[in-house]
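Enquirer: Residues -7 to 344 (the working numbering) make up the sequence shown, in order.
So that we are looking at the same thing, I have put the structure below in structure tokens.
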Amino acid sequence: MTTTTKRLADIMEKLSPEEKAKLIVEDLFRDKPTLSPKAQQKALRAMNREEGLRYNAYLDRYNRLKGALRLLQDLSYQASGDLYARDRILFYQHALHEVVDALEFPTSSTTSPANNAGEALLVNNPNLKPGKPLELKLYGATLRLGVWGRKRRTSSPSNTPQVELHKKPLAALDMYAQRIRETAADMKAIHHHIVEEAQEMDLEFLQGWAHAAVESVRQHDRSSSEIILDSFMEVARKEGREAVREDARDALNLFVTGLPGVQEDGKVDWHMVRQELSDRDPREAWGSGQPVDDRWALVWEDLEENAETLRRIREAPLDFIPSSWDNKQYQSIKPAVLKLMKDIVRKRSDNE
């Protein structure tokens, strides 16, 4: 036995069953495991029955957390799908706004065929209603192109939106917003449970996996300025300095004032600031790209975790379903089929 092997054997002998289990679990993710298979077997054989039970209890707890983590990842995919489905409608609305702003109709008195057509359609058209905006009915929305005729106003009357979504896309946006928030509330509850358990087990990598599972959803609707502030906070923490958000905000404002062309009339183009900071911020550029109305936005920090889901996972970590699923896709599944699905997930978790 070499000196290193003997020293390692002495260390293993002093470890508790939980610490041995933790070492073996962490070895699964090391490029070079601390213990060889032979050393693992020797450590296991050296434990008495009570120590073996404690060792197995730790591993069982770890496997339950793996199943919860997998569910958290599945919920993240579900929420992301709904977020992108919502964003497609919002992108369509935004694109229509840009179309309205960019439209130009030639209506001068020259003899150009295009100008003559514009005159006939938008000035001398007897079907135009005096004082009423010109409306275009499109799929899912109505465009209002200002008031035309002989007394033209390029802007629509006050309190009249230039782009008005129809009832069906508005209902779809409301539906997605509700589903996204319900799923996110479940995610916060499961994330809370995983982090709480992983801290007690001293498994930092599980905490990191849980944070990573929710990050893209958490960041999706955050403003560009908030994402940049997160980066400033992260840099401060890595440098060992106390991360105070107000200090980060002051540092960001100081940085922005030194950037050319990012401010116009006192307003900051945060997308341009993010582009300027891209080399300093290695994280993925999350987010929908456009500001989201509060009616449909997901504000992760303002969302309360689902207390019922947290209760369920604590009481039955292998046999629970998130509260938001109660009236959704599992409502029509027979109990026997649902039990079979749970058993499959449990076996898959045990095998990994």
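We put the CB at the ideal spot given by N, CA and C, even for glycine.
Round the Cβ separation of P9 and Y69 to the nearest angstrom and send it over; I've been treating them as touching at under 8 Å.
Expert: Actually they do not touch by this definition, with Cβ atoms about 36 Å apart.
Enquirer: I need the straight-line Cα distance from E293 to Q32, nearest angstrom please.
Expert: Straight-line Cα distance between these residues: approximately 44 Å.
Enquirer: Whole angstroms are fine: how far does the CA of S208 sit from the CA of M225?
Expert: Whole-angstrom Cα-Cα distance: 18 Å.
Enquirer: Within the chosen definition, does the region 185 to 205 reach the region 75 to 92 through at least 3 CB pairs nearer than 8 Å?
Expert: They do not touch, by the three-pair rule.
Enquirer: Within 9 Å of any Cβ in chain B, is that where the Cβ of H184 sits?
Expert: Looking at the structure shown, chain B is missing, and only one protein chain is on hand.
Enquirer: Would the region 176 to 187 count as touching the region 62 to 76 if we require 3 or more Cβ pairs under 8 Å?
Expert: Touching, yes, given that three or more Cβ pairs across the two stretches are closer than 8 Å.
Enquirer: Can you tell me whether G200 is buried or exposed? The criterion is at least 16 other CB atoms within 10 Å of its CB, across all chains shown.
Expert: When all chains shown are included, G200 counts as exposed.
Enquirer: Alpha carbon to alpha carbon, how far is E238 from R272? Give it in angstroms, no decimals.
Expert: The predicted model places R272 with a pLDDT of 48, which falls under 50 and marks its position as unreliable; any figure quoted below should be read in that light. Going from the Cα of R272 to the Cα of E238 covers about 20 Å.
Enquirer: Name the DSSP bridge partner or partners of K395?
Expert: The structure shown does not extend to residue 395, since the chain is modelled only from -7 through 344, so no value can be given for it.
Enquirer: Would you kindly work out how many angstroms separate the C-alpha atoms of E189 and I305, rounded to a whole number?
Expert: Roughly 11 Å separates the two Cα atoms.
Enquirer: Quick check: the Cα distance between N298 and K180, rounded to an integer number of angstroms?
Expert: Roughly 7 Å between the two C-alpha positions.
Enquirer: Give the secondary structure of V209 by DSSP, where H, G and I count as helix, E and B as strand, and everything else as coil.
Expert: If DSSP states are grouped into helix, strand and coil, V209 belongs with the helices.
Enquirer: Can you give the beta carbon distance from L57 to H184, rounded, assuming they're within the 8 Å contact cut?
Expert: No, L57 and H184 are not in contact; Cβ-Cβ is about 13 Å, not under 8 Å.
Enquirer: When the Cα atoms are used, what is the spatial distance from G132 to Q211?
Expert: Cα-Cα distance, rounded: 28 Å.
Enquirer: Can you give, in chain order, each stretch of the beta strand (DSSP E) that sits fully within the region 279 to 303 and has at least 3 residues?
Expert: If we require 3 residues or more, the region 279 to 303 turns out to have no beta strand (DSSP E) run fully inside it.
Enquirer: E18 lies in the alpha helix (DSSP H); which residues open and close that run?
Expert: P9 to D19 is the extent of the alpha helix (DSSP H) around E18.
Enquirer: Terminal residues of the continuous alpha helix (DSSP H) containing E188?
Expert: Start and end: K159 to M193.
Enquirer: For E156, write down the residues that DSSP places opposite it in a beta bridge.
Expert: Per DSSP, T134.
Enquirer: For A60, I'd like the list of residues in its chain whose CB is within less than 7 Å of its CB, leaving aside the five on either flank, ordered along the chain.
Expert: Contacts found: I182, H185, I186, I305 and P309.
Enquirer: Quick one: what does DSSP say K259 is sitting in, helix, strand or coil?
Expert: Of the three classes helix, strand and coil, the one that applies to K259 here is strand, per DSSP.
Enquirer: Residues in its own chain within less than 6 Å of V17 by CB, not counting five upstream and five downstream?
Expert: Only Y54 meet the Cβ criterion.
Enquirer: Count the other C-beta atoms from every protein chain shown that fall within 10 angstroms of the C-beta of F312, then say buried if there are 16 or more, exposed otherwise.
Expert: By the 10 Å Cβ count, F312 comes out buried.
Enquirer: Run the CB neighbour count on P29, radius 10 Å, all protein chains shown included, and call it buried at 16 or more, exposed below.
Expert: Classification of P29: exposed, given that the 10 Å Cβ count is below 16.
Enquirer: Quick one: what does DSSP say D23 is sitting in, helix, strand or coil?
Expert: Looking at D23 - three-state DSSP - the assignment turns out to be coil, as it is neither helix nor strand.
Enquirer: Please state the DSSP three-state secondary structure of P29.
Expert: P29: helix per DSSP, three-state reduction.
Enquirer: Find out if the Cβ-Cβ distance for the pair I172, L75 is shorter than 9 Å.
Expert: Against a cut-off of 9 Å, the Cβ pair of L75 and I172 comes out as a contact.
Enquirer: To the nearest angstrom, how far is the alpha carbon of S223 from that of P25?
Expert: Whole-angstrom Cα-Cα distance: 33 Å.
Enquirer: If you draw a straight line from the C-alpha of E5 to the C-alpha of Q191, how long is it?
Expert: E5 and Q191: Cα-Cα distance of roughly 24 Å.
Enquirer: Under a Cβ-count criterion, where at least 16 other Cβ atoms within 10 Å of its own Cβ denotes burial, should R78 be classed as buried or exposed?
Expert: It is buried - the Cβ of R78 has at least 16 other Cβ atoms within 10 Å.
Enquirer: Quick check on R214: buried or exposed, where buried means 16 or more other Cβ atoms within 10 Å of its Cβ?
Expert: Per the 10 Å Cβ criterion, buried.
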